[in-house]
Every structure is written in C-alpha cells, then in structure tokens.
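Counting from 1, position 52 in the sequence shown corresponds to residue 51 in numbering that gives the first Met the number 0; the numbering is continuous, with no gaps.
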Amino acid sequence: MTAKERARLHGFWTHKQTGERIAVSRVTMYGEAHARTVDSLGHEVGPKEIMLVRDLKEEYVRGMP
Numbered sequence: 000m001t002a003k004e005r006a007r008l009h010g011f012w013t014h015k016q017t018g019e020r021i022a023v024s025r026v027t028m029y030g031e032a033h034a035r036t037v038d039s040l041g042h043e044v045g046p047k048e049i050m051l052v053r054d055l056k057e058e059y060v061r062g063m064p
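Okay, structure coming up:
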C-alpha cells in the first residue's frame with residue numbers, strides 16, 4: 000500500500016448492517032487498520048481494535064450519517 004492509499008482510509012466509517020460507527024486512526028503498510036468505536040458526536044467510546052483493510056472495505060461504508 001502506498002502512503003496515499005493508506006491516508007484515504009483514515010476517518011469515520013459506518014457498518015453497513017448494524018450502523019456501528021468507527022474511527023480509523025492508523026493504517027499499516029501490512030493492511031491492518033487500527034480503529035475505535037465512536038458515538039454519534041465522534042467521541043471514542045470503545046477499545047482499540049485491529050482489522051484487516053480488506054474486511055473494512057467490505058463491511059463498512061465511508062462517512063458517518
């Protein structure tokens with residue numbers, strides 16, 4: 000992954016089925032995204048979790064409705 004591709008993944012994402020919101024704060028060169036669960040105001044409310052970028056793109060949509 001290039002730096003530009005990793006930079007595009009930062010920010011807020013919403014789960015397609017459950018509506019759960021996460022904030023991606025870090026993306027590694029190895030395809031791992033570090034994210035935290037956030038509330039509707041964008042405040043962090045959950046522990047940090049690590050997920051694969053492939054799963055992130057399949058299960059979540061960009062933005063926070």
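For every residue, glycine included, the Cβ atom is placed at its ideal position computed from N, Cα and C. Note that the structure is predicted; figures quoted are calculated from it, not measured.
If you count every other CB in all the chains shown that lies within 10 Å of the CB of Tyr-59, and 16 or more means buried, which is it? So Tyr-59 ends up on the buried side.
Quick test of your reading: His-14 and Val-23, contact by CB under 8 Å. State the CB separation rounded to the nearest angstrom. In this structure, His-14 and Val-23 do not form a Cβ contact; the two beta carbons are roughly 13 Å apart against a cut-off of 8 Å.
In the DSSP assignment, find the unbroken beta strand (DSSP E) run with Leu-55 in it and report its ends. From DSSP, Leu-55 is part of no beta strand (DSSP E) but of the alpha helix (DSSP H) over 52 to 58.
Give me the Cα-Cα distance between Pro-46 and Thr-36, rounded to the nearest whole angstrom. For Pro-46 and Thr-36, the gap between their C-alpha atoms comes out near 7 Å.
What's the call for Ala-34, buried or exposed, on a 16-neighbour Cβ count within 10 Å? Ala-34 sits buried, since 16 or more C-beta atoms from the chains shown fall within 10 Å of its C-beta.
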